[in-house]
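Working notes for the structure below.
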Amino acid sequence: MVRRGRYAGVALAALLTALTALAAAPPAGARDDGRRPTAVHPGLRPDLAAHYDFEHPVRGNPARERDRGFSGTDIDLVGGGARMRAPDGAHRGSRTSLQVRQVNPDTAGNDDWKAGVYSTSGVPTLNAFNAVRGTTVMGWFKMTGQNPSPNSNTASPDDLYGAIGLAGVLSGDSDGHGVRALLELINVNGELRLVALGRRIDGAASQTFAAAQDWRTLLPPGEWVFLAATFDFDSGEMALYRNGKPLDGFYTVPGDPWDLSGPGPHRTSATDPRGIKIGGSFPQNTREGNPCNCRMDSLMFLDRAVDAALVRAQYRLVTHKAAEE
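Residue numbers -23 to -1, 1 to 302, in mature numbering (1 follows the signal peptide of the UniProt record, and there is no 0), belong to the letters of the sequence shown in order.
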């Protein structure tokens, strides 16, 4: 009887321990403390070079964010440091987002809040985007202030920037502005539009795919929106998506700006990107350029152009609903 009671006590203790661990476990899609990406569709994980959920500061330095993709490219929270972490998750399983903004529109300087990484010799951990055939940039965005911002680099107080920076991968010869693959809003024929802007060859022409719909409808103030841009550098095809659905749009540059007339496969320049820019240009913090008064969450940079089904699947995974009709 004594032996039986002892075994029963051990079993009960083990059961209580298991139940406690189960109760403490995060729900599906929630964050964890390891490097393995959470809230990421399995079909995206093999190509997820960089991923930032803004819930994983670098240990000992909350002004830097840890990359949860395979490249391990940590980024700087420029301008505001740890204050840029906002308690406003974009989707279920997210608690924190990144606040970027223009700080002083009346002063030409470099005090805007943005994020990214930069190196004049190229960022070696971003080698996945060296001689790559495709790229995808996706994430959640919320407009939180005036956009576009007043242009602090001109004398006229009425001038506005001609673009609103969202997120992108820099080219291999970038000064902190030029890109290989970028999701942003930019002036197209006198009208601001949501675009995917890509450059295959360093120093050569870029191509832009612009959404036909008014950007203020696509990104209404105070509303989280899931955006994705895909770049197929081999075929020349680009696409934009909002909340899991493809957007109608048009190419803005006639002809063959990516120089795809020769035999393929066609790839980008065989150079490591000089970095990543988020919420504006010049992540090395030397100048303000195209700031965004907005929040961002769950930013993903993939080394291939994913298809529409995977974009939709990622949206459905974190929202637990079908794409909007």
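Here a beta-carbon is modelled for each residue, glycine too, at the ideal position from N, C-alpha and C.
Between the C-alpha atoms of residue i and residue j, what's the straight-line distance to the nearest angstrom?
| i | j | result |
| --- | --- | --- |
| H297 | R264 | 40 Å |
| T102 | S183 | 24 Å |
| V35 | I253 | 17 Å |
| A26 | E168 | 33 Å |
| T185 | A63 | 31 Å |
| A7 | K119 | Confidence at A7 is low in this model, with a pLDDT of 34, below 50, so its placement is unreliable and the value that follows should be read with caution. In a straight line, the C-alpha of A7 is about 20 Å away from that of K119. |
| G256 | L224 | 22 Å |
| S71 | N81 | 30 Å |
Between the beta-carbon of residue i and the beta-carbon of residue j, is there less than 8 Å?
| i | j | result |
| --- | --- | --- |
| residue 304 | T245 | Since the first residue of the chain shown is -23 and the last is 302, residue 304 is not available in this structure. |
| R43 | D51 | yes |
| Y218 | L204 | yes |
| L162 | R170 | yes |
| N164 | G139 | yes |
| V114 | F278 | yes |
| R69 | S148 | no |
| V172 | A189 | no |
| K91 | V146 | no |
| P242 | D211 | yes |
Taking only three categories from DSSP, how would you classify residue i?
| i | result |
| --- | --- |
| N38 | strand |
| L174 | strand |
| Y292 | helix |
| P127 | strand |
| G57 | coil |
| D284 | coil |
| D274 | strand |
| F106 | helix |
| A189 | coil |
| T97 | coil |
| P23 | helix |
| T194 | helix |
| G111 | strand |
Identify, in the order they occur along the chain, each residue of the same chain with its Cβ nearer than 6 Å to the Cβ of residue i, setting aside the five sequence neighbours on each side.
| i | result |
| --- | --- |
| T(-4) | For T(-4), the predicted structure reports a pLDDT of 35, less than 50, and the residue's modelled location is therefore unreliable. A value from the coordinates is still provided. If we look at T(-4) and ignore the five residues flanking it on each side, it has no Cβ neighbours. |
| R41 | V35, D51, D53 |
| D209 | G111, A282 |
| residue 308 | Nothing can be reported for residue 308: it is not among the residues displayed for the chain, which extend from -23 to 302. |
Return the chain-ordered list of same chain residues with a C-beta closer than 7 Å to the C-beta of residue i, the five sequence neighbours on each side being excluded.
| i | result |
| --- | --- |
| A290 | H18, G20 |
| N128 | D136, L137, Y138 |
Within its chain, find whatever has a CB closer than 8 Å to the CB of residue i; leave out the 5 residues flanking it on each side and keep chain order.
| i | result |
| --- | --- |
| S48 | A26, A27, T102, L103, N104, A105 |
Any beta carbon from chain B within less than 8 Å of residue i's own beta carbon?
| i | result |
| --- | --- |
| P23 | This model lacks chain B altogether, as it is built from one protein chain only. |
**Prompt:** Taking the runs of the beta strand (DSSP E) that are 3 residues or longer, which of them lie wholly in the stretch 201 to 256?
**Reply:** Here the runs fully enclosed are 202 to 209, 215 to 219, 226 to 228, 252 to 255.
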